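Notes follow the structure.
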Amino acid sequence: MTRIGYAPGVFDLFHIGHLTLLRRARRHCDRLIAGVVSDELVERLKGRPPVVPLAERLAIVDSLRCVDMAVVESEEDKVEMWKRIGFHVVFKGDDWQGTPKWQTLEQRFAQLGVDVVYFPYTAHTSSSLLRSSLELLCRTGTPQIPAAQLPEPLDQEGRAQQKVSRQQGAVDGEEGLLAAQS
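In terms of UniProt numbering, the sequence shown opens at residue 1 and continues consecutively.
Take a look at the structure:
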């Protein structure tokens, strides 16, 4: 029997946490289907639309080697997605473990013979953190970076090395002059 896995998510501002979850999920099933939450459902659940539109999120997730197929998840009820797809195991980040929503889903899935597997949440990065950073940047405008930390403009590139080289030549020349005088 082919073990079908299902990994639902918004997958907004795709990052290493998403990739890690999908790769881990793939190791626990024969065929992995990723459910990419629709823009409308994201807005209804989170009160704001995703940064990256559905078509782009779907294309990103569908292009991954570890994902056999990406589908649009427009139903809030994961059991409805199970009826549509017929998966044997559902994967989620452990930040959802123990929440009332997923405790209820675990019970409902157990009655259907569906396993729920949680993977460690990637705490150092998240779409929410990335989104907050983008919003902060948009609110405050362009960050002020000290000039010493700015990269050289392309038309100036290499001039610092030329200057050091000329300075070194002058020093070498003085050393030669000093050696000749001794």
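Virtual Cβ for every residue (Gly too), placed ideally from N, Cα, C.
The structure presented is a predicted model; accordingly, all values stated were derived computationally and were not measured.
Quiz item: Shortest alpha-carbon distance to Val10 belongs to which of Phe87, Asp68, Gly93?
Solution: Gly93
Quiz item: Alpha carbon to alpha carbon, how far is Val42 from His28?
Solution: 27 Å
Practice problem: Report yes or no: do the segment 23-38 and the segment 50-64 share at least 3 C-beta pairs separated by less than 8 Å? | Solution: yes
Practice problem: Look at the Cβ atom of Phe119, then the Cβ atom of Leu21, and state whether they are nearer than 8 Å. | Solution: yes
Quiz item: For Glu80, does the three-state DSSP call read helix, strand or coil?
Solution: helix
Exercise. Taking Asp115 as part of the beta strand (DSSP E), name the residues at either end of that continuous run.
Key: 115-119
Self-check item: Thr2, buried or exposed, once every other Cβ within 10 Å from all chains shown has been counted against 16
Solution: exposed
Practice problem: Going by DSSP, name the residue or residues bridged to Arg31. | Solution: Ile4
Practice problem: Might you give, ordered along the chain, the residues of its own chain that have their beta carbon closer than 8 Å to the beta carbon of Asp39, omitting 5 neighbours on each side? | Solution: Correct list, in chain order: Pro49, Pro50, Pro53, Leu54.
Quiz item: At what residues does the beta strand (DSSP E) containing Phe14 begin and finish?
Solution: Where Phe14 is concerned, there is no enclosing beta strand (DSSP E), given that its DSSP letter is neither H nor E.
Quiz item: Terminal residues of the continuous alpha helix (DSSP H) containing Phe109?
Solution: 100-112
Exercise. Counting only the same chain and skipping the five closest in sequence on each side, list residues whose C-beta sits under 6 Å from that of Arg26.
Key: Leu32, Cys66
Quiz item: Is it buried or exposed for Glu76, if we count other Cβ within 10 angstroms and need 16 for buried?
Solution: exposed
Self-check item: Euclidean distance between Cα positions of Gln107 and His15
Solution: 30 Å
Quiz item: Excluding the five sequence neighbours on either side, which residues of its own chain have a C-beta within less than 8 Å of the C-beta of Trp96, listed in chain order?
Solution: Trp102, Tyr118
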